[in-house]
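Just below is one structure, and these are the notes that go with it.
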Amino acid sequence: EEAQRLAAFEARVGEGEFVEAKDWMPDHYRKTLVRQISQHAHSEIVGMLPEGNWVTRAPTLKRKAILMAKIQDEGGHGLYLYSAAETLGTSRDQMLEALHSGKAKYSSIFNYPTLNWADIGVIGWLVDGAAIMNQVPLCRCSYAPYARAMIRICREESFHQRQGYESLLVMMQKGTPEQKALVQDAVNRWWWPSLMMFGPHDKDSPNSEQSMRWGIKRISNDDLRQKFVDATIPQAEVLGVTVPDPDLKWNAEREHYDFGAIDWDEFWRVVGGDGPCNRERLATRVKAWDDGAWVREAALAHARKQATKAAA
Ligand code: ACO
2 EEAQRLAAFE ARVGEGEFVE AKDWMPDHYR KTLVRQISQH AHSEIVGMLP
52 EGNWVTRAPT LKRKAILMAK IQDEGGHGLY LYSAAETLGT SRDQMLEALH
102 SGKAKYSSIF NYPTLNWADI GVIGWLVDGA AIMNQVPLCR CSYAPYARAM
152 IRICREESFH QRQGYESLLV MMQKGTPEQK ALVQDAVNRW WWPSLMMFGP
202 HDKDSPNSEQ SMRWGIKRIS NDDLRQKFVD ATIPQAEVLG VTVPDPDLKW
252 NAEREHYDFG AIDWDEFWRV VGGDGPCNRE RLATRVKAWD DGAWVREAAL
302 AHARKQATKA AA
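Offset between the sequence shown (1-based) and this note's numbering: plus 1.
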């Protein structure tokens, strides 16, 4: 009977049908989704930190307002995603405990430092640009609560990407030579980590095959990375910056850019907890959680009071 259920499930998903929270699903499908959605949620939450570093130092009121709005959006994305993961039967407390104890993964990209103001523009352009490339196909993920959350997230991410690109364009077109140099410096540091966001090569990606078969992933890690490079290089040309890859060149036969080898040792080091900012990010997150304990307690006490009132 179990085998029959699985076959029916795979047939449904294979035809492009969506799965809802109350539908039967294989355990491994549920586990894979909790893993991916919770890692994604954690990435949104930890992703607020590198940018938060620049809120007090944004150069104008306009840039500060945009940056605060963007960081709030990311907090919101984290919350929709935790809610989507909760529909699979894992509590938010469990997911947060995994993050705070260092057990859960989150995107490698957020373990790099934001050293100059242009980093904020480059995060919008490259990091959010890579995130959109990876996330648009997730709007068609077979698990419907995740797919629905991704639609709104992608709309907001596209605003994030464009504000980043626009702020770099202003620096490159109207800036001083020093400001232009800041942009190039930021691109040099963020280019390779942005390519790493798409994950290991398909042949080294243990989860890809099953996730593609179940319609969780629609496009592979390497194909998304190639799409990102192809879309981004013309934008770099408009900006007037170069990417730090001597092997980058247009391949007329493939009609794609060829690009150099990624430093996978660096990638696995950062994923494994030993990147430039892993310890700092985790410590900041844990402190924020601890400092917020009184707010959560007050909110729970208030909710209990309201419930007793309603019952009386
Ligand atoms: N950073 C940290 N860990 C990573 C990264 C990365 N850039 N890429 C892959 N990994 C991890 C995977 O989570 C997996 O670990 P696990 O099996 O212990 O969970 C392992 O490396 C092997 O990778 P894959 O088999 O390729 O894993 P998967 O099929 O889950 O693909 C991917 C990875 C593409 C990141 C996928 O999970 C995904 O699309 N996630 C949703 C998008 C997302 O999380 N974006 C976050 C950054 S964008 C943002 O927040 C602005």
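For each residue, glycine too, the CB sits at the ideal point set by N, CA and C. Owing to the predicted nature of the structure, the values given are computational and were not obtained by experimental measurement.
- Query: Can you tell me whether residue 222 is buried or exposed, with buried defined as 16 or more other CB within 10 angstroms of its CB?
  - Reply: Against the sequence shown, residue 222 aligns to sequence position 221. Buried, since its Cβ has 16 or more Cβ neighbours within 10 Å.
- Query: Excluding five sequence neighbours on each side, which residues of the same chain lie with their C-beta closer than 7 Å to the C-beta of residue 27?
  - Reply: As a working mapping, residue 27 is identified with position 26 in the sequence shown. Cβ within range, chain order: 7, 10.
- Message: Distance cutoff 9 Å, beta carbons only. Does residue 255 sit that close to anything in chain D?
- Response: Included in the structure is just one protein chain, with no chain D present.
- Helix, strand or coil for residue 246 per DSSP? As a working mapping, residue 246 is identified with position 245 in the sequence shown. Three-state result, residue 246: coil.
- Item | Same chain only: Cβ atoms within 6 Å of residue 183, ignoring 5 sequence neighbours per side | Taking the sequence shown and counting its residues from 1, one reaches residue 183 at position 182. For residue 183, where only same-chain residues beyond five positions count, the Cβ hits under 6 Å are 117, 119.
- Task: Measure the C-alpha to C-alpha separation of residue 170 and residue 239 and round it to an integer number of angstroms.
- Result: The residue you call residue 170 lines up with position 169 of the sequence shown. The residue you call residue 239 lines up with position 238 of the sequence shown. About 9 Å.
- Task: Pick out whichever of 134, 81, 15 has its Cα sitting closest to the Cα of residue 159.
- Result: The residue labelled residue 159 in the question sits at position 158 within the sequence shown. Checked all of 134, 81, 15; the closest Cα to residue 159 is 134.
- Message: Quick check on the burial criterion: 16 or more other C-beta atoms within 10 angstroms. Buried or exposed for residue 306?
- Response: Locating residue 306 in the sequence shown gives position 305, counting from the first residue. So residue 306 counts as exposed.
- Mind reading off the beta-carbon distance from residue 111 to residue 47? Whole number of angstroms is fine, and I expect it under 8 Å. Reading the sequence shown from its first residue, position 110 is the one you call residue 111. Reading the sequence shown from its first residue, position 46 is the one you call residue 47. Contact flag correct, Cβ pair sits at about 5 Å.
- Exposed unless 16 or more other CB atoms sit within 10 angstroms - verdict on residue 271: Along the sequence shown, one-based indexing puts residue 271 at 270. Flag for residue 271 reads buried.
- Query: Got a sec: does ligand 1 put a non-hydrogen atom nearer than 8 Å to the Cβ of residue 228?
  - Reply: Your numbering for residue 228 matches position 227 in the sequence shown. No, ligand 1 has no heavy atom inside 8 Å of this Cβ.
- Message: I need the DSSP call for residue 279, collapsed to helix, strand or coil.
- Response: Here residue 279 is taken as the residue at index 278 of the sequence shown, counted from 1. DSSP places residue 279 in helix when its eight states are reduced to three.
- Message: For residue 263 and residue 2, I'd like the C-alpha separation in whole angstroms.
- Response: Within the sequence shown, the letter at position 262 stands for residue 263. Within the sequence shown, the letter at position 1 stands for residue 2. Taking the straight line joining both Cα atoms gives about 46 Å.
- Beta carbon of residue 38 nearer than 9 Å to that of residue 52: For the purposes of this step, residue 38 is taken as residue 37 along the sequence shown, with counting starting at 1. For the purposes of this step, residue 52 is taken as residue 51 along the sequence shown, with counting starting at 1. Cβ distance not < 9 Å, so residue 38 and residue 52 don't count as in contact.
- Taking residue 114 as the reference, which of 188, 25, 153 has the closest Cα? The count along the sequence shown starts at 1 and reaches residue 114 at position 113. Minimum Cα distance to residue 114 is reached at 188.
- Item | Where the alpha helix (DSSP H) containing residue 202 begins and where it ends | Translated into positions along the sequence shown, residue 202 becomes position 201. Residue 202 -> no alpha helix (DSSP H), and no H or E assigned at all.
- Query: For the putative contact between residue 155 and residue 137, defined by C-beta atoms under 8 Å, what is the C-beta separation to the nearest angstrom?
  - Reply: Locating residue 155 in the sequence shown gives position 154, where the first residue counts as 1. Locating residue 137 in the sequence shown gives position 136, where the first residue counts as 1. So it is a contact: roughly 6 Å between Cβ atoms.
- Should residue 75 be labelled buried (16 or more other beta-carbon atoms within 10 Å of its own) or exposed? As a working note, residue 75 is residue 74 in the sequence shown. Per the 10 Å Cβ criterion, buried.
- Three CB pairs or more closer than 8 Å across the region 240–249 and the region 267–285: Remark: fewer than three beta-carbon pairs, one from each stretch, lie closer than 8 Å, so the region 240–249 and the region 267–285 are not flagged as touching.
- Item | Local conformation of residue 117 per DSSP, three classes | Translated into positions along the sequence shown, residue 117 becomes position 116. Residue 117: coil per DSSP, three-state reduction.
- Item | Cβ distance (whole Å) where residue 131 is taken to contact residue 139 below 8 Å | Numbered from 1 along the sequence shown, position 130 holds the residue referred to as residue 131. Numbered from 1 along the sequence shown, position 138 holds the residue referred to as residue 139. Going by Cβ atoms, the distance from residue 131 to residue 139 rounds to 13 Å, so no, they are not a contact pair.
- Message: Alpha carbons only, please: which of 242, 259, 217 is nearest the one belonging to residue 231?
- Response: As a position in the sequence shown, residue 231 is number 230, starting the count at 1. The option with the nearest alpha carbon to residue 231 is 259.
- Query: Who does residue 126 pair with in a DSSP beta bridge?
  - Reply: Taking the sequence shown and counting its residues from 1, the one referred to as residue 126 is at position 125. For residue 126, which the question treats as bridged, DSSP gives no partner whatsoever.
- Query: Quick one: is residue 92 buried, meaning 16 or more other Cβ sit within 10 Å of its Cβ, or exposed?
  - Reply: Indexing the sequence shown from 1 puts residue 92 at position 91. Residue 92 comes out exposed.
- Query: Pick from 59, 224, 213: whose alpha carbon is nearest that of residue 202?
  - Reply: As a first step, residue 202 must be located in the sequence shown, where it is residue number 201. Looking at the Cα atoms, 224 is the closest of the given residues.
- Message: Can you find the residues in the same chain that come closer than 6 Å, C-beta to C-beta, to residue 98, ignoring five residues on each side of it along the sequence?
- Response: Indexing the sequence shown from 1 puts residue 98 at position 97. Excluding positions up to five away in sequence, the list is empty.
- If you scan the region 140–200 from start to end, which runs of the alpha helix (DSSP H) of 4 or more residues do you find wholly inside it? Restricted to the region 140–200, the alpha helix (DSSP H) segments that are unbroken, complete and at least 4 residues in length are 145–175, 178–197, listed in chain order.
- What did DSSP end up calling residue 259 once you bin it into helix, strand or coil? Here residue 259 refers to the residue found at position 258 when the sequence shown is read from its first residue. Reduced to three states, the DSSP call for residue 259 is strand.
- Message: Quick check: the Cα distance between residue 12 and residue 21, rounded to an integer number of angstroms?
- Response: Here residue 12 refers to the residue found at position 11 when the sequence shown is read from its first residue. Here residue 21 refers to the residue found at position 20 when the sequence shown is read from its first residue. The straight-line gap separating the alpha-carbon atoms of residue 12 and residue 21 is approximately 15 Å.
- Message: Once the 5 residues before and after residue 106 are set aside, which same chain residues still bring their CB inside 6 Å of it?
- Response: Along the sequence shown, read from residue 1 onward, the residue named residue 106 stands at position 105. Correct list, in chain order: 40.
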